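J.: Sequence positions in the sequence shown follow my numbering and run 38 to 382.
Quick one: this structure, given as structure tokens, is what I'll be asking you about.
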Amino acid sequence: MLFPGPTYIWLAMTISDSLSKALDAILDPISGKGLIASGRAGEPSFSDGTASAVIDVTGFSAHVRETLEAAAKEAMLSVSGVTAARVALTAEKRGRRIIAVGSGKGGVGKSTLSANLAVALRRMGKKVGLVDADIYGPSQSRLLGTEGVRPTAQGQKMDPVISPFGVPMLSMGQLVKPGQAIAWRGPMAANAMSQLIDAEWGDVDLLILDLPPGTGDVQLTMVQKYKPAGALIVSTPQDLALIDATRAIDFFRQASVPIVGMVENMAGYACPHCGEHSDPFGHGGAQAAAKSIGIDFLGRVPLDIAIRSRSDSGSPPAADADDAVFRPLAEKLAAWLNPAKPAAF
Ligand code: ADP
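This is how it looks when you write it as structure tokens:
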């Protein structure tokens, strides 16, 4: 047939209609609306027995993508008159994302949490790296068991050091002699942090950034130049620490960096001898503060001598198969970064 006749056009129109309905009966896991209604897919096309659809799968895991592709093909093939179905998946290309771990003041466990989160995420199969920009106390080499290992460089770019836990890392402490970095002026420190972030990270798609406490030059450079995907705030339960944490939260909010949530560290102490539970720094302060500020509370890390001793010996507890402290926090962070992965998939 050289030109389609009226009957053929009418048939094709009803098939197109049925195809759209079939595709829209598949729900977008994020909005819960049909693929077409949610804008994930355009109207499918139909020609010579073949139906074609384009679906935007930005933000979905590989598993969700495959599931959607198979469901779309099946739905289109169920329309009578369709003998073949083609589905093209498109996605916005996303660069490496940064999660900044910040606190209002030092000594609250920001580095400990950053290291253990990175290790827990790695154990979950994430391509995660760690940057230690905490100029006042670069401690990640010790925490991740890479003390004394110097990073190499390819031309201008540094190669991260791979820790025994599979997490590639770079630290301010690797750039200078111990104790020297603290004498740097703000812009020098910010420059050094840029070198670490712009290193040769390979296929790492998530960087955990251990920031110095407070809201100085390093933090400013970080939010202006690198636009982190989110900031996670660590605090201990005391009022004073919480007031500082609130300042850090304000800083990120003003810079339009989304807040992932607050983690309470050194919460509750279980005596290793008698088992009695006590709360040397108070109880529930961070959770209450998070609620009043309107951010999520992600969970608690107990005050535990083992956490300190294992940190000092470069053996992060998150590497343990039965880690029940850091893993749930890492899972919350992963879910925050990839909200498209519903339980049903
Ligand atoms: P920050 O990065 O906020 O300065 P660190 O992570 O360096 O804090 O922690 C400060 C000290 O507290 C370290 O000696 C660390 O081992 C210890 N520490 C951190 N969190 C805990 C915890 N939950 N239980 C016991 N010791 C902890």
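Glycine included, each C-beta is placed from N, C-alpha and C at the ideal position.
If you're wondering where the values come from, they're calculated on a predicted model, not measured in any experiment.
1. Could you name the residues of the same chain whose beta carbon sits closer than 7 Å to that of residue 59, not counting the 5 residues immediately before and after it, in chain order?
2. Could you give the DSSP three-state label for residue 100: helix, strand or coil?
3. Report, in whole angstroms, the separation of the C-beta atoms of residue 136 and residue 376, which I expect to be a contact under 8 Å.
4. What are the uninterrupted segments assigned as alpha helix (DSSP H) that are 4 or more residues long and contained completely in the region 162-188, given in chain order?
5. DSSP has residue 191 in a bridge; who is on the other side?
6. Relative to the ligand ADP, is the shortest distance from any of its heavy atoms to the C-beta of residue 164 smaller than 7 Å?
7. Over what stretch of residues does the alpha helix (DSSP H) that includes residue 230 continue unbroken?
8. According to DSSP, is residue 382 part of a helix, a strand, or is it coil?
9. Out of 304, 103, 173, 95, state which residue places its alpha-carbon closest to the alpha-carbon of residue 315.
10. Consider the C-beta atom of residue 340 and the heavy atoms of the ligand ADP; say whether any pair is separated by less than 7 Å.
11. State buried or exposed for residue 369, treating a residue as buried only when at least 16 other CB atoms are found within 10 Å of its CB.
12. How many whole angstroms separate the CB atoms of residue 128 and residue 93, which I take to be in contact at a CB cut-off of 8 Å?
13. Taking the continuous alpha helix (DSSP H) assigned at residue 156, which residues delimit it?
14. Which residues bound the alpha helix (DSSP H) around residue 298?
15. What separation, rounded to the nearest whole angstrom, lies between the Cα atoms of residue 140 and residue 299?
16. Check whether the region 255-265 and the region 186-196 are in contact - that is, three or more C-beta pairs closer than 8 Å.
17. Mind checking whether the beta-carbon of residue 169 lies closer than 7 Å to any heavy atom of the ligand ADP?
18. Round the Cβ separation of residue 317 and residue 342 to the nearest angstrom and send it over; I've been treating them as touching at under 8 Å.
19. Going residue by residue through the region 233-259, where are the continuous alpha helix (DSSP H) segments of at least 4 residues, counting only ones entirely within it?
20. If you reduce the DSSP assignment to three classes, tell me which class residue 335 lands in.
21. Compute the Euclidean distance between the alpha carbons of residue 56 and residue 81, then round it to the nearest angstrom.
22. What did DSSP end up calling residue 114 once you bin it into helix, strand or coil?
T.: The relevant details are as follows:
1. Closer than 7 Å at Cβ, skipping near neighbours: 112, 113, 115, 116.
2. Under the three-state reduction of DSSP, residue 100 is assigned to helix.
3. About 15 Å; that fails the 8 Å criterion.
4. Here the runs fully enclosed are 177-180.
5. In the DSSP output, where bridge partners are listed per residue, residue 191 has 194.
6. Residue side-chain check: residue 164 keeps its Cβ at 7 Å or more from all non-hydrogen atoms of the ligand ADP.
7. Element bounds for residue 230: 223-234.
8. Here the model assigns residue 382 a pLDDT of 38, short of 50, so the residue's position is not dependable, and the following value carries that caveat. The three-state reading of DSSP puts residue 382 in coil, since its state is none of H, G, I, E or B.
9. The shortest Cα separation from residue 315 among 304, 103, 173, 95 belongs to 304.
10. Yes, the ligand ADP has a heavy atom inside 7 Å of this Cβ.
11. Buried, since its Cβ has 16 or more Cβ neighbours within 10 Å.
12. Between residue 128 and residue 93 the beta-carbon gap is near 7 Å, inside 8 Å, which marks them as a contact.
13. It spans 147-160 - the alpha helix (DSSP H) in which residue 156 sits, taken as one unbroken run.
14. In the DSSP assignment, residue 298 falls outside any alpha helix (DSSP H) and within the unbroken beta strand (DSSP E) covering 296-307.
15. One Cα belongs to residue 140, the other to residue 299, and the distance between them is close to 10 Å.
16. Output reads no: the region 186-196 does not touch the region 255-265.
17. No, Cβ of residue 169 sits at least 7 Å from all heavy atoms of the ligand ADP.
18. About 13 Å separates the beta carbons of residue 317 and residue 342, which is beyond the 8 Å limit, so they are not a contact pair.
19. Given a length threshold of 4 residues, each whole run of the alpha helix (DSSP H) inside the region 233-259 is given here in chain order: 254-258.
20. Here residue 335 sits in strand by DSSP.
21. Going from the Cα of residue 56 to the Cα of residue 81 covers about 7 Å.
22. Reduced to three states, the DSSP call for residue 114 is helix.
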